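If you read the protein sequences in the order shown, they are chains W and P.
Using numbering that gives the first Met the number 0, the final residue of the first sequence is 144, and nothing's skipped along the way.
Using numbering that gives the first Met the number 0, the final residue of the second sequence is 425, and nothing's skipped along the way.
C-beta: ideal position from N, C-alpha, C; glycine also.
Owing to the predicted nature of the structure, the values given are computational and were not obtained by experimental measurement.
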Amino acid sequence: METIYRWLSSLFGSNLAEHLSGWSEVTGDYTEANLFFIIGMSSLIISIAACVTYYYILNHPRWNRGFKWLIFLVIVLIVNFLLAFGICYSDLLAGNISSDISAISVAECLGFGLANIIVSIVIFVFCSLIIKWGSRNCKFSPFKF
Amino acid sequence: MRNILIYCLAVLFLASCGNSSTQRKGGNKPSENSEMTAVTASKIKPVVNVYVENSGSMAGYVNGNTDFKKAVYNYLTDIKISGITDTLNLFYINDKPVAKGSDVKDFIEKLNPNQCVFATSDISNVFDLVLKRTDNNQISVLVTDGIFSPGKGKDAQQYLVNQQIGIKRIMKEHLDKYPNTAVIVYQLTSGFKGTYYNREDAKTEFKEPQARPYYIWVIGDVEDIALLKTYIPDSKFKGGGVQHSYTLLPPLNMEIDYAILNSPKFGSFERDKKSTKTSIYNIKKASNGAHKGNFMFTIGMDLSLFTVLLGDEYLTNTESYARLINKQPNNDYFIEIEHNTNPNTNYTHNMKLTTDKISVGELEIILRNQFPQWIYDINDEEGLDIYKNDAINKTFGIKYLAEGIYEAYNFSGNSIYTTMKFNLKK
Numbered sequence: 000m001e002t003i004y005r006w007l008s009s010l011f012g013s014n015l016a017e018h019l020s021g022w023s024e025v026t027g028d029y030t031e032a033n034l035f036f037i038i039g040m041s042s043l044i045i046s047i048a049a050c051v052t053y054y055y056i057l058n059h060p061r062w063n064r065g066f067k068w069l070i071f072l073v074i075v076l077i078v079n080f081l082l083a084f085g086i087c088y089s090d091l092l093a094g095n096i097s098s099d100i101s102a103i104s105v106a107e108c109l110g111f112g113l114a115n116i117i118v119s120i121v122i123f124v125f126c127s128l129i130i131k132w133g134s135r136n137c138k139f140s141p142f143k144f
Numbered sequence: 000m001r002n003i004l005i006y007c008l009a010v011l012f013l014a015s016c017g018n019s020s021t022q023r024k025g026g027n028k029p030s031e032n033s034e035m036t037a038v039t040a041s042k043i044k045p046v047v048n049v050y051v052e053n054s055g056s057m058a059g060y061v062n063g064n065t066d067f068k069k070a071v072y073n074y075l076t077d078i079k080i081s082g083i084t085d086t087l088n089l090f091y092i093n094d095k096p097v098a099k100g101s102d103v104k105d106f107i108e109k110l111n112p113n114q115c116v117f118a119t120s121d122i123s124n125v126f127d128l129v130l131k132r133t134d135n136n137q138i139s140v141l142v143t144d145g146i147f148s149p150g151k152g153k154d155a156q157q158y159l160v161n162q163q164i165g166i167k168r169i170m171k172e173h174l175d176k177y178p179n180t181a182v183i184v185y186q187l188t189s190g191f192k193g194t195y196y197n198r199e200d201a202k203t204e205f206k207e208p209q210a211r212p213y214y215i216w217v218i219g220d221v222e223d224i225a226l227l228k229t230y231i232p233d234s235k236f237k238g239g240g241v242q243h244s245y246t247l248l249p250p251l252n253m254e255i256d257y258a259i260l261n262s263p264k265f266g267s268f269e270r271d272k273k274s275t276k277t278s279i280y281n282i283k284k285a286s287n288g289a290h291k292g293n294f295m296f297t298i299g300m301d302l303s304l305f306t307v308l309l310g311d312e313y314l315t316n317t318e319s320y321a322r323l324i325n326k327q328p329n330n331d332y333f334i335e336i337e338h339n340t341n342p343n344t345n346y347t348h349n350m351k352l353t354t355d356k357i358s359v360g361e362l363e364i365i366l367r368n369q370f371p372q373w374i375y376d377i378n379d380e381e382g383l384d385i386y387k388n389d390a391i392n393k394t395f396g397i398k399y400l401a402e403g404i405y406e407a408y409n410f411s412g413n414s415i416y417t418t419m420k421f422n423l424k425k
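Next up, the structure:
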């Protein structure tokens with residue numbers, strides 16, 4: 000999970016990446032909670048849950064158009080953006096970032112939120128492509144407009 | 000709020016995955032490298048033998064209540080009350096040691112120009128006498144002005160070189176016998192009132208006290224020396240205090256705690272998760288700002304034991320460290336050393352490494368035995384006119400004495416105190 004986010008580290012910088020990896024100045028190692036993993040797994044679960052809801056729980060002919068699928072995607076992206084940004088920003092405000100990690104700003108937190116949006120798009124699209132075939136009413140979404 | 004959020008999320012995916020998300024290789028807190036635990040006491044308390052050179056050139060230092068007397072009295076008292084030793088013997092020394100009992104107060108009170116009876120001093124011979132009376136359970140303290148006396152009509156340069164060779168031979172023989180021997184030289188200053196003898200034994204009279212350098216050499220087993228330095232750091236010296244000091248240690252190659260820090264830095268890097276403290280990759284120079292085009296990273300080092308043994312002046316001198324990349328000397332990284340002021344870490348010093356040319360590979364930073372510049376600075380090469388070239392603040396030939404000992408230590412080529420290894424990858 001961390002590796003995927005590291006590919007996008009130009010959006011949020013190496014300093015925030017250190018914090019998200021769980022860096023602790025006191026131990027000089029990554030001994031704090033790995034927020035990449037926590038946020039990544041949460042985003043994955045939220046995205047899969049939204050997919051399952053769309054294709055199997057909602058599963059209604061009125062919702063089988065692509066733009067309806069897009070509404071679900073946008074909701075997932077908003078939730079996952081707020082999740083990623085919220086955790087980073089609350090750490091920043093609370094001073095939970097190790098003091099030897101310098102120069103982390105709101106811009107970097109927003110950047111990580113954006114990175115999580117990209118990751119979430121990929122998860123949601125892949126998940127849709129995999130599970131849509133089992134849906135009775137939405138199996139052609141999102142390619143049916 | 001943040002904790003609640005994380006807790007909820009953790010419960011959410013832990014319930015789903017049934018696995019911990021935060022398992023990581025546990026980091027070790029930097030080891031408590033306590034000075035006192037590292038500096039272990041010897042099982043048997045060493046005997047301390049103190050030798051005060053009593054050549055005529057020393058008379059000016061003991062004329063009245065001088066800083067020399069205050070410093071020596073205080074140092075010997077500190078040794079006695081520290082509990083390092085149960086036996087402290089006092090001697091005058093020139094062509095042979097003369098026992099003067101063990102009462103420090105009485106010894107200092109009787110120390111006056113009349114005791115300094117010898118016209119010249121053969122420093123090489125004095126060292127020979129002292130070293131022959133020093134084993135691994137004895138500490139020798141030699142107090143001397145360190146001035147060589149070639150005498151009139153002698154080739155001074157040849158004399159000094161011969162003395163240096165003699166001292167090197169004597170010291171090497173001693174090190175072969177007692178390889179754990181350490182040597183400290185303290186340079187102090189005292190008012191000097193009386194007769195100064197130049198290299199040809201021509202006299203210059205100082206009617207008023209004039210500040211002149213003198214030296215206290217301490218020789219003994221490294222454990223005893225470490226203990227001595229722990230109890231009596233340079234800052235405890237009285238009588239004007241220690242101006243400079245230099246410690247020669249046997250090759251220790253000790254392991255210390257060190258790590259690459261996150262800041263300060265210019266540019267960026269990522270840590271290798273298999274070796275988070277010492278291995279970095281994806282190294283990039285700063286792409287903007289005042290440091291554009293440069294890469295800098297910082298190493299935290301716990302040098303607490305070396306601070307005791309070598310002193311802070313030595314540790315903050317960049318010349319004390321050699322840099323190798325892939326086993327080859329490499330000065331691509333410019334280094335600066337400062338004290339660590341971050342209370343969250345146990346490191347005593349930080350080393351900043353800056354470069355505009357990123358060299359990758361195995362970087363080794365070696366704390367080594369390095370001859371100090373202050374000895375060159377205080378060396379009077381001529382030994383003739385005391386008023387010329389600031390000779391009054393210098394000592395004729397002191398560098399030959401110190402170099403003789405330094406060369407004996409470095410004879411086998413091993414002068415490494417500690418090595419720090421890092422892996423820098425593209």
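Per-residue DSSP class, three states only, for residue i
i, result
"Thr21/P", "Low local confidence applies: a pLDDT of 36 at Thr21/P is under 50, so the model's placement there is unreliable, with the coordinate-based value given in what follows. Reduced to three states, the DSSP call for Thr21/P is coil."
"Lys420/P", "strand"
"Ala258/P", "strand"
"Ser139/P", "strand"
"Glu426/P", "The displayed coordinates of chain P run from 0 to 425. Any statement about residue 426/P would go beyond what the structure contains."
"Thr76/P", "helix"
"Arg168/P", "helix"
"Gly240/P", "coil"
"Glu31/P", "For Glu31/P, the pLDDT reaches just 37, beneath the cut-off of 50, and the residue's location in the model is therefore unreliable, leaving the point undetermined."
"Val71/P", "helix"
"Val359/P", "coil"
"Leu251/P", "coil"
"Asn48/P", "strand"
"Ile364/P", "strand"
"Phe142/W", "coil"
"Thr353/P", "strand"
Given residue i as reference, the closest of the options once Cα atoms are compared
i, options, result
"Phe139/W", "Phe66/W, Leu7/W, Phe35/W", "Phe66/W"
"Ala70/P", "Leu159/P, Thr188/P, Ile374/P, Ile324/P", "Thr188/P"
"Leu366/P", "Ser101/P, Gly165/P, Ile336/P, Arg132/P", "Ile336/P"
"Ile231/P", "Thr354/P, Ile83/P, Phe191/P, Lys153/P", "Ile83/P"
"Leu352/P", "Gly360/P, Tyr332/P, Glu361/P, Glu363/P", "Tyr332/P"
"Val47/P", "Gly240/P, Lys387/P, Asn136/P", "Asn136/P"
"Lys272/P", "Ile259/P, Lys284/P, Lys283/P", "Ile259/P"
"Tyr214/P", "Ile164/P, Asn378/P, Ser286/P", "Asn378/P"
"Leu302/P", "Glu312/P, Gly288/P, Phe296/P, Thr347/P", "Thr347/P"
"Glu363/P", "Gln242/P, Thr133/P, Tyr257/P", "Tyr257/P"
"Leu323/P", "Asn316/P, Ile92/P, Ile334/P, Thr315/P", "Ile334/P"
"Ile397/P", "Phe370/P, Tyr386/P, Lys420/P", "Phe370/P"
"Met300/P", "Lys420/P, Asp376/P, Tyr60/P", "Lys420/P"
"Gly382/P", "Asp233/P, Glu318/P, Lys202/P, Glu207/P", "Lys202/P"
"Leu81/W", "Ile116/W, Leu128/W, Gly27/W", "Ile116/W"
"Lys130/P", "Met170/P, Gly239/P, Lys44/P", "According to the sequence displayed, residue 130/P carries Leu and not Lys. Answer by Cα proximity: Met170/P."
"Leu141/P", "Asp200/P, Asn53/P, Glu207/P", "Asn53/P"
Cβ neighbours of residue i in the same chain (closer than 8 Å, five flanking residues each side left out)
i, result
"Asn58/W", "Ser134, Arg135, Asn136, Cys137"
"Ala55/W", "Here residue 55/W is Tyr; the residue named in the question, Ala, does not match the sequence. Within the same chain, Tyr55/W has close Cβ partners Ile130, Gly133, Ser134."
"Ile96/W", "His18, Asp90, Ile103"
"Ile3/W", "Gly39, Val118"
"Phe236/P", "Ala70, Asn73, Tyr74, Tyr185, Leu187"
"Arg132/P", "Asn48, Pro96, Ser139"
"Asn179/P", "Asn135, Asp220, Val221, Glu222, Pro249"
"Leu69/W", "Pro141"
Beta-carbon proximity list for residue i, same chain, < 7 Å, skipping 5 on both sides
i, result
"Glu204/P", "Thr194"
"Ile47/W", "Cys126"
"Ile86/W", "Leu34, Ile38"
Own chain residues within Cβ distance below 6 Å of residue i, not counting five before or after
i, result
"Asp355/P", "Gly292, Asn293"
"Arg211/P", "Phe191"
"Asn325/P", "Gly360, Glu361"
"Met0/W", "Phe35, Phe36, Gly39"
"Gly403/P", "Gln163, Ile166, Lys167"
"Met253/P", "Thr417"
"Ile218/P", "Thr133, Ser139, Val182"
Next on the checklist: With a threshold of 8 Å, are at least 3 pairs of Cβ atoms found where one atom belongs to the stretch 255-269 of chain P and the other to the stretch 93-101 of chain P?
Outcome noted: Between the stretch 255-269 of chain P and the stretch 93-101 of chain P there are fewer than three inter-stretch CB-CB distances shorter than 8 Å, so the stretches are not counted as touching.
Item to check | Uninterrupted alpha helix (DSSP H) stretches inside the stretch 87-131 of chain W (no shorter than 4 residues) | outcome: Those alpha helix (DSSP H) runs which fall completely within the stretch 87-131 of chain W and span 4+ residues are 105-130.
Item to check | Sequence ranges, alpha helix (DSSP H) only - wholly within the stretch 81-140 of chain P, length at least 4 | outcome: Runs found: 103-108, 122-131.
Checklist entry - What are the uninterrupted segments assigned as alpha helix (DSSP H) that are 4 or more residues long and contained completely in the stretch 22-79 of chain W, given in chain order? => result If you keep only unbroken alpha helix (DSSP H) runs of at least 4 residues inside the stretch 22-79 of chain W, you get 34-51.
Item to check | Every unbroken alpha helix (DSSP H) within the stretch 275-333 of chain P, with a cutoff of 4 residues, ordered by chain | outcome: If we require 4 residues or more, the alpha helix (DSSP H) runs fully inside the stretch 275-333 of chain P come out as 303-309, 311-314.
Checklist entry - What runs of the alpha helix (DSSP H), each 4 residues or longer, lie entirely inside the stretch 143-229 of chain P? => result Runs found: 155-176.
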